[in-house]
Amino acid sequence: MLRPLRALLLGALLVGAPVLAQDYRIETFGEGLEHPWSLAFLPDGRLLVTERVGRLRIVEADGSLDPQPVAGLPEIFVAAQAGLMEVALDPDYADNRWLYLSYAHGSLEANNTRLARARLVDDELHDFEVLFTAAPLKAGAAHYGGRIAFLADQSLVLTLGDGFDWREQAQNPANHLGKIVRLNRDGSVPQDNPLVGQAGAAAEIYSLGHRNVQGIVFDAESGRLYSHEHGPRGGDELNLIEPGRNYGWPLATFGIDYTGARISPYTELPGLTPPLLHWTPSVAPSSLTQYRGALFPEWQGDLFAATLVERSVRRIRLHDGMLAGEESLFEELGERIRDVRVGPDGALYLLTDNADGRLLRVLPSE
43 MLRPLRALLL GALLVGAPVL AQDYRIETFG EGLEHPWSLA FLPDGRLLVT ERVGRLRIVE
103 ADGSLDPQPV AGLPEIFVAA QAGLMEVALD PDYADNRWLY LSYAHGSLEA NNTRLARARL
163 VDDELHDFEV LFTAAPLKAG AAHYGGRIAF LADQSLVLTL GDGFDWREQA QNPANHLGKI
223 VRLNRDGSVP QDNPLVGQAG AAAEIYSLGH RNVQGIVFDA ESGRLYSHEH GPRGGDELNL
283 IEPGRNYGWP LATFGIDYTG ARISPYTELP GLTPPLLHWT PSVAPSSLTQ YRGALFPEWQ
343 GDLFAATLVE RSVRRIRLHD GMLAGEESLF EELGERIRDV RVGPDGALYL LTDNADGRLL
403 RVLPSE
């Protein structure tokens, strides 16, 4: 189903740039997905899509959904925000067929985020390996992070959450709550991680002081690693991630507690890295990508953040590595957007977070 749409650029633009209307159309490329969370593009033109309820699905190159989920997944803890999260292909997938999955592992009383890899062979998972489990296990079913990105050296970073009720632990370097961790692709710890060898510190930590990081993307051209995270009421953040930095949660925040209580009197403190920007009130950012495609030249190099509360995709303009304004796109859909990706065809792909979720494709207007 094709739906022509026109979005007016509402955000701040580059100095001297004209205000133009951007024409695009959105088509429903796939449907029948139950709370889809993440997607990845296979070399043969098919797509892999995770459903938070614990299924890995294949969408054929024509958009049809394979009725049978991919076999070989482990037991996954599914409740509230917990479930199957990211799917990401190994940088050498064409040769080794490894794919990476993040998911909630454990029980309601004791659980956390787990990273695993497996090979996709004849539409089944083989050689399944658990690579990492965030510690400590905690109760509840909130704030897992779960996004994956690969760096220039092909190590990977995995985003994590603070577990909601354990926010102070985001400042504790002895555990993984409220952290971004960096691992080799076999799950081992890179020896140049910033806290390796420090007494009382978890060697996997790459950065700390996060709340719930659900978006991360590595810009290979600039070598920059961007992430965004959910604040409480207000204080959603876009950050430039650098190894060993402390991003402040909950010592410094632009948000307040859900009760209306103040979490901290500070929005910044010495020794803490402030965000590049914050969204207050919250937009609930859920995924992050960078546009590197041919279909939308004016989007080249910009960041795109899917949102749940605003029900939009935020386009964040970059110019010479500096922020140059932002705008909300696709609000006319009126749907929570869980994932945003750039396809090999240059189109932008979206996953809607519904019990009857859809895979959408954004193309230039004809």
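Residue numbering for the sequence shown follows my numbering, beginning at 43 and increasing consecutively.
No residue lacks a Cβ here, since even glycine has one placed at the ideal position from N, Cα and C.
Considering only the alpha carbon of each residue, which of Asp-165, Leu-157 and Ala-183 lies closest to Ser-149? In the sequence shown, residue 149 corresponds to position 107, counting from 1. Of the residues Asp-165, Leu-157 and Ala-183, the one whose Cα lies closest to the Cα of Ser-149 is Ala-183.
Spell out the partners DSSP gives Phe-338 in its beta bridges. Locating residue 338 in the sequence shown gives position 296, where the first residue counts as 1. Paired residues: none, contrary to the question.
Own chain partners of Ser-328 with C-beta closer than 6 Å, once the 5 adjacent residues on each side are dropped: Reading the sequence shown from its first residue, position 286 is the one you call residue 328. The residues are Gln-256, Ala-348, Leu-350 and Arg-380.
By Cβ distance, which residues of its chain are closer than 6 Å to Leu-90, with the 5 residues on each side in sequence left out? Numbered from its first residue, the sequence shown carries residue 90 at position 48. Within the same chain, Ala-82 and Val-129 come within 6 Å of Leu-90 by CB-CB distance, once the 5 residues on both sides are set aside.
Leaving aside the five residues before and after Pro-274 along the sequence, list all residues of the same chain whose C-beta is less than 7 Å from its C-beta, in chain order. To locate residue 274, count along the sequence shown from 1; it is residue 232. For Pro-274, where only same-chain residues beyond five positions count, the Cβ hits under 7 Å are Gly-297, Ile-298, Asp-299, Tyr-300 and Ile-305.
Roughly how many whole angstroms lie between the Cα atoms of Asp-228 and Leu-173? By one-based count along the sequence shown, residue 228 stands at place 186. By one-based count along the sequence shown, residue 173 stands at place 131. In this structure, the alpha-carbon of Asp-228 lies about 7 Å from that of Leu-173.
Which one of Gly-286, His-77, Leu-282 and Gly-114 has the shortest CA to CA distance from Ala-245? Position 203 of the sequence shown, counted from the start, is the residue given in the question as residue 245. Closest option to Ala-245, Cα to Cα, is Gly-286.
For the ligand SAM, is there a heavy atom less than 6 Å away from the beta-carbon of Arg-403? With respect to small molecules bound, the structure shown includes none, and the ligand SAM cannot be examined in it.
Backbone secondary structure at Tyr-268 - three-state DSSP: Working through the sequence shown from its first residue, we reach residue 268 at position 226. Note: Tyr-268 maps to strand in three-state DSSP.
Do Leu-98 and Gly-399 have their CB atoms nearer than 7 Å? If you number the sequence shown from 1, residue 98 lands on position 56. If you number the sequence shown from 1, residue 399 lands on position 357. Contact: no.
Take Trp-341 as the anchor and find which of Ala-262, Val-384 and Asp-207 has the nearest alpha-carbon. Your numbering for residue 341 matches position 299 in the sequence shown. Ranking Ala-262, Val-384 and Asp-207 by Cα distance to Trp-341 puts Val-384 first.
Would you list the residues sitting across from Ile-100 in a DSSP beta bridge? Along the sequence shown, read from residue 1 onward, the residue named residue 100 stands at position 58. Leu-90, per the DSSP bridge assignment.
Given this structure, state the Cα-to-Cα distance separating Ala-63 from Thr-394, to the nearest angstrom. Position 21 of the sequence shown, counted from the start, is the residue given in the question as residue 63. Position 352 of the sequence shown, counted from the start, is the residue given in the question as residue 394. Low local confidence applies: a pLDDT of 46 at Ala-63 is under 50, so the model's placement there is unreliable, with the coordinate-based value given in what follows. Going from the Cα of Ala-63 to the Cα of Thr-394 covers about 24 Å.
Whole runs of the alpha helix (DSSP H) within the region 111 to 193, excluding any shorter than 4 residues: Runs found: 135 to 138.
Do you know how far the Cα of Ile-247 is from the Cα of Ile-292? For the purposes of this step, residue 292 is taken as the residue at position 250 of the sequence shown. For the purposes of this step, residue 247 is taken as the residue at position 205 of the sequence shown. The question names Ile, yet the displayed sequence has Pro at residue 292. Rounded to the nearest whole angstrom, the C-alpha separation of Pro-292 and Ile-247 is 18 Å.
Under 7 Å between the Cβ atoms of Ser-197 and Arg-224? Taking the first residue of the sequence shown as 1, we reach residue 197 at position 155. Taking the first residue of the sequence shown as 1, we reach residue 224 at position 182. Taking 7 Å as the cut-off, the beta carbon of Ser-197 is found closer than this to the beta carbon of Arg-224.
Select from Ala-336, Gly-277, Arg-378 and Gly-363 the residue whose C-alpha is nearest the C-alpha of Ala-389. The count along the sequence shown starts at 1 and reaches residue 389 at position 347. The residue with the shortest Cα to Cα distance from Ala-389 is Ala-336.
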